[in-house]
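Sequences listed follow chains A and B, in order. Position 229 of the first sequence, counted from 1, bears residue number 229 in this note's numbering, the numbering being contiguous throughout. Take the position in the second sequence, starting the count at 1, then add 1000; the result is the number in this note's numbering. What follows is one structure encoded as structure tokens, with my remarks underneath.
Protein chains: 2
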Amino acid sequence: MSGALSLERLFAPKSIALVGIPGDLSRPGARPLHFLRRHGYDGRVHLVNPRHREIGGLPVYPGIGAAPEAVDVAWISLPAAQAADAVAEAGRAGVPFAVVIGAGFAEAGEAGERHQARLREAARGAGVRLVGPNTEGFVNAWDGVALTFSTVGEVEALRPGPMAILSQSGGVGGCLLNRATDRRWGAGLFVSTGNEADLTLADYIEWLVHDGRVKVIACIVEQVRDAPRFLAVARRAVAGGIPVVALKLGRSEAGARAAHSHTGALVGTDEAWRAWAQAAGLLLTDTLEQLLEAAAYLAAAPPLQGNRAAVVTSSGGMAVILADALEPRGYTFAPFAAETVERITPLLPAYAAVRNPLDITAALPEETFGEVLGAVLRDPGVDQVVVPLTMATAGGGRARAGQIIQAARGAGKPLAVCWPEGSLVCGGFQVLDEAHVPLFHSVGDCAAVLGLSLAYRALRHRTPSGGPDPPRLGLTLPSRGGALPWADVRALLLAAGITPADEVIVGTEAEAQAAAAGLRYPVAVKLLGPLHKSEAGGVRLGLGDIGAVLRAVRELAPRGEGCLIQPMLEGVEVLVGALRDPALGPFVVVAPGGVAAELYGERAVRPAPVGRGEAEAMTVECRALSRLLEGHRGRPPADRRALAETIARASALAAALESALLEFDLNPVMVGPEGAGAKVVDARIILRER
Amino acid sequence: MSGALSLERLFAPKSIALVGIPGDLSRPGARPLHFLRRHGYDGRVHLVNPRHREIGGLPVYPGIGAAPEAVDVAWISLPAAQAADAVAEAGRAGVPFAVVIGAGFAEAGEAGERHQARLREAARGAGVRLVGPNTEGFVNAWDGVALTFSTVGEVEALRPGPMAILSQSGGVGGCLLNRATDRRWGAGLFVSTGNEADLTLADYIEWLVHDGRVKVIACIVEQVRDAPRFLAVARRAVAGGIPVVALKLGRSEAGARAAHSHTGALVGTDEAWRAWAQAAGLLLTDTLEQLLEAAAYLAAAPPLQGNRAAVVTSSGGMAVILADALEPRGYTFAPFAAETVERITPLLPAYAAVRNPLDITAALPEETFGEVLGAVLRDPGVDQVVVPLTMATAGGGRARAGQIIQAARGAGKPLAVCWPEGSLVCGGFQVLDEAHVPLFHSVGDCAAVLGLSLAYRALRHRTPSGGPDPPRLGLTLPSRGGALPWADVRALLLAAGITPADEVIVGTEAEAQAAAAGLRYPVAVKLLGPLHKSEAGGVRLGLGDIGAVLRAVRELAPRGEGCLIQPMLEGVEVLVGALRDPALGPFVVVAPGGVAAELYGERAVRPAPVGRGEAEAMTVECRALSRLLEGHRGRPPADRRALAETIARASALAAALESALLEFDLNPVMVGPEGAGAKVVDARIILRER
């Protein structure tokens, strides 16, 4: 980690000052002291409170500067209005890190935002790095530091594990930590990141990757605060073999409203988030449970080598349920290899069919289950084995679990057991959990997690996007916002290397007559002006001679700022657009053009800019569009390469417009037959009012 | 229940004969005897096995006829080849019901199918009604009859409850029953229905509704065996206030293969199943867990009166997660009523925002939580209250649970608690489960179940389909299968009251010339023949005069069976199609016509026939098509009423074709402006080869 921030003194401090510790140690404010002790913190803890000189027999200092040694972390538990001063004081005392808890900051309206701005300013001025505000603290199980007021500190013992949990919502993160502890997975580090006035998810991820103990990172994200850096850091984590699983809060309209009230965060649209997360290499889950199960699974399972799944069960019904759930997620169920069939056949009753998914039926001894499972695990054509079980397993399930553990030992291949919760087999659950065999109690979660496992494999193997990002553009922007006039639109397109259709602009019939010699018929005549032309009735298409052109100009010209005469182009109509998300930055969008775009809503979205290879992938992702480009119903294949080039350049334009961009549409881009190029027939560019 | 079959003697028998009981009572085959005793069966059990005269101190009879009294139910545990004879013997002894366990029947290939056919024949001949074969038996907790070999019989005590579980997969059903017992929901009746050679899901549902103790029915379905009757019975259950929740096994390709091997059932496509289930009023779940949670919730919750949800929590993050999950499922989050805001505001800290979803923040006393929740439950603008909680609840969660129970008491309004599993608050879980307050440990399941609750409300309030089903048609079918010639297609359309476009059929230029006077230009000339015309290059569109028509006929006529001349129609192109699912019967399909249908795949599907009201609903469900029909981009609104009439008549045609139908396409149906009607421009009807 070349020059990245070390968080060693934050997460494994030699000394901690608890600023604002209450005089009565039974109050919730004293929890960090109890939790630090309970979980064996081996550094020093200093209490700070100007109104006491002693609490519970411990000395109390009036200010952090009065502590008897250098302090690594100041825990600031004070009203929002006092936090900034406390951080400044910590800075003067040489404290490098502060954890600022308490609500009433940016999540709580304008007054709170002012408190947070002051806090951030104070921290910057004092050289103190902040966790929070509005955080519940952190739990570092690796080093035994439970600096938190979350009741998750009440767990009997911390359980270090290869998972880290980073959560912008403290309560939700605490849930995950409790459950990770219950299930014996453990979590090495839990950070309630709060409002992230200073340190952000990107900082914590970067440090975890550098630190080297983490094998998987689970994030709960309400707002990405430094999108380009987060994206780069997440990509590095994945490249280094550390999957980053994420749950996004605030997807629906009501959800977004609640997010606003919760962390003072504006939430980007769900679609932009998904495209951005995909580019960052995040593995997105739909639910809290799947987030945790995915993290635990990815930390435990050997690498997945392909999408060929096998199901081994003694319940035909469960075999069907699992196959139903896995196939739409990209797994296939290939027949077993001949040697596997040879090994299995003599073990099964005559009426059992040796096929994949495999139902060995309920009547066989437990050892047979183990032998069959072992044979399937050794099949070279199987990448992932799934064992769905039911209650119909005798003896509390312990024998079955033992067989599975024995078969899985040394297989070097991922295996998942899916065993719906039921008290009759909880002995089996315990045996599997103790042996760290991945066990799911929910079919839905099992299938979702195995889907993510396959997605992670694809991420690890994804090829570079095929061609470099287009060069940065230097643009001269019009000074005003809103929808740009056509002349400015055209100038920006040309500056970005995008080809508009040929055109002649005329203000009068006489000018049209003068241009007549240069026209290739049929042509279109369009009204120039601010309204959407076809809705304003400002378009005349397919005009075959100068007489028709003159009539059109006579009708249209007086209604706007003149007319534009273009040749009618043949080809596939495509929409290439862009928008800027306030949190995540610029995006480029591809969709079928014309009426189809409005009616069907098919589209591909990527953070901008994209290289030509990624642009081409976008045209493939739009399946209907792609079929049109291939040459639907006997038409010639379209110039997909030229379209990809246009998309890449449009994405560069979106990026170059920076914060001035609100959105733009190039619609339609007319894509001619192969070699004929792609031309922009119409376009709107809307800049933010500044 | 007018004349429907009573299953009273089956499920609450006075005497049971266990045929094929093993001599060694420690073997799995003796489980029914143990389970009947364990759970307090108060009737008589007779053992039948010709090879023993006494087992474990009990008398054993050589045949069922030798039992000392009339037997209500014969449990037949014999190899598949001997089952038919045993059932015949039971019939001779006057036994009305037999439960035939064991595999090796229709689920196990051809030999098994023969065994099953013999069994069914024997049962019919002997007047014995069958459960199974390939069943694990049943557990009637209401009356204390555990006639099963499923290890679910090992539960400490049966727990009668208002739920019934009917499962075509015994193992999966046993799972549900174990979990229902663990969670204190209980299940009054569990039936492993097996291969359903005789009694089917429809029979069990019908009896449950008649019996009157059931409040919700959970079904695991691999194959619907008597679709029209199941549909009628399910509708009656819903109409009687008994929701039927269902999980379908065998949706994916691999899943369907496994289903084939499991119950010898051919599985219809997922889409047809969904349309059929919707028509039947089934509430479909995606996972096993949701099936059970939905059944438990619907049995416990007061009726839902609308879609206005409120979230009350002390975790902002959980509020966002729930809102995200509920909004896409149709719930809205309206602001609280003024009096609710007035009640709540003084209870909360100044910085907390009184809005919905409501985060009361973590710092407040438990009683405040209860007071706030009570106020929200009393809000007249709230139909459904959801309380998401985290581990951040002190004291093991018992106090919080107590507050919730107190607030919910007498509210008469559905409330759901969503509390992710974690050992720190399992005390709270226990308190809520004991009080039968609906509690979900998974956000995903909670949201899915509340979505089903809303769907159930819509089912209960759905209006009749608006217009009667079209009259049954009497058709004369062509004797051969395959694609019908155009003359037969046209005759069937006319017989069904569907209007084809005007046409003239000509074989030669001379005939075209002769028809010239009657043509209204522009016209289309189409090749008559078996190939898809536009792909075969057999269509000439927009011909403006007789010269163009003659040229077209000269080119096309020699390639096929003559030409068809039609006027070019203006309007919206629609595809109206039909197909027959082997298990579920005929379906009608509506989609945008022409190229769009192929490219975008938008469609609406219903079991046929449909009335005109339902047909119109199909046109609305196709959202892009609907916008076209409304008059997109300045075009006049299309004749939706005529389209609906055409759909209804096409659906009647599909039903009237009965098993002869393979599929048909009317494509395009050209829908003119309002009042101008809808005409079939092209059509293909394909009959099954007989």
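Heads up, the beta-carbon is just placed ideally off N, CA and C, and yes, glycines get one too. Quick caveat, the model's predicted, so the values are computed rather than measured.
Sub-7 Å separation of residue i and residue j beta-carbons
i: I321(A); j: L1249(B); result: yes
i: D1527(B); j: G1538(B); result: Looking at the sequence itself, residue 1527(B) is Leu, so the reference to Asp does not match. Yes, the Cβ-Cβ distance between L1527(B) and G1538(B) is below 7 Å.
i: V1214(B); j: A1280(B); result: no
i: A1017(B); j: H1039(B); result: no
i: G1481(B); j: R1684(B); result: no
i: Q403(A); j: E366(A); result: yes
i: G397(A); j: V425(A); result: yes
i: A1334(B); j: R1308(B); result: yes
i: M1391(B); j: G174(A); result: yes
i: A1512(B); j: L1550(B); result: yes
i: T1646(B); j: I1505(B); result: no
i: M318(A); j: V1172(B); result: yes
Residue-chain proximity (residue i, chain A), Cβ-Cβ < 7 Å
i: I1321(B); result: yes
i: M1391(B); result: yes
i: G1529(B); result: no
i: C1446(B); result: no
i: T1646(B); result: no
i: C1175(B); result: yes
i: Y1351(B); result: yes
i: I1685(B); result: no
i: E1289(B); result: yes
i: A1676(B); result: no
i: G1104(B); result: yes
i: T1200(B); result: no
i: E1154(B); result: yes
i: L1424(B); result: yes
Cutoff 7 Å: residue i Cβ touching any chain B Cβ
i: M670(A); result: no
i: G306(A); result: no
i: A4(A); result: no
i: S442(A); result: yes
i: N178(A); result: yes
i: P420(A); result: yes
i: A265(A); result: Any reading at A265(A) needs caution, since the residue's pLDDT is 30, under 50, leaving its predicted position unreliable; the model's value is listed next. No, A265(A) lies away from the interface with chain B (no Cβ there is under 7 Å from its Cβ).
i: S26(A); result: no
Whole-angstrom C-beta distance between residue j and residue i, which should lie under 8 Å
i: W75(A); j: L147(A); result: 6 Å
i: W1142(B); j: G1091(B); result: Actually they do not touch by this definition, with Cβ atoms about 28 Å apart.
i: V1387(B); j: P1357(B); result: That belief does not hold up - the Cβ atoms of V1387(B) and P1357(B) are roughly 11 Å apart, past 8 Å.
i: A295(A); j: V245(A); result: 5 Å
i: A1275(B); j: V1605(B); result: 4 Å
i: P567(A); j: A501(A); result: 7 Å
Identity of the residues DSSP links to residue i by a beta bridge
i: K248(A); result: V221(A)
i: V1191(B); result: F1138(B), L1166(B)
i: Y61(A); result: V48(A)
i: F664(A); result: A578(A), I685(A)
Any non-hydrogen atom of the ligand ADP within 6 Å of residue i CB
i: Q1406(B); result: The model depicted lacks the ligand ADP and carries no ligand whatsoever.
Original post:
Enumerated in chain order, which unbroken segments of the beta strand (DSSP E) with a length of 3 residues or greater are wholly contained in the stretch 516-589 of chain A?
Top reply: Listed in chain order, the beta strand (DSSP E) runs fully inside the stretch 516-589 of chain A are 523-527, 539-543, 563-567, 572-581, counting runs of at least 3 residues.
**OP:** Note down, one range per segment and in chain order, each alpha helix (DSSP H) of at least 4 residues found wholly within the stretch 1316-1377 of chain B.
**Re:** Listed in chain order, the complete alpha helix (DSSP H) runs (minimum 4 residues) inside the stretch 1316-1377 of chain B are 1316-1326, 1338-1344.
Original post:
Counting only runs that start and end within the stretch 1388-1455 of chain B, where is the alpha helix (DSSP H) found for 4 or more residues in a row?
Top reply: For secondary structure counted as the alpha helix (DSSP H) over 4 or more consecutive residues, the stretch 1388-1455 of chain B holds these complete runs in sequence order: 1398-1408, 1426-1434.
**OP:** Could you name each continuous beta strand (DSSP E) segment of 3 residues or more that falls completely within the stretch 104-173 of chain A, going from the start of the chain to the end?
**Re:** For the stretch 104-173 of chain A, whole beta strand (DSSP E) runs of length 3 or above, ordered along the chain, are 129-135, 137-140, 145-148, 163-167.
Original post:
Where are the beta strand (DSSP E) runs, 3 residues long or more, that stay fully inside the stretch 1468-1515 of chain B, in chain order?
Top reply: Segments of the beta strand (DSSP E) lying fully in the stretch 1468-1515 of chain B: 1504-1506.
Original post:
Hey, which unbroken runs of the alpha helix (DSSP H) at 4 residues or more fall wholly within the stretch 1597-1638 of chain B?
Top reply: Whole alpha helix (DSSP H) segments, 4+ residues: 1612-1621, 1623-1631.
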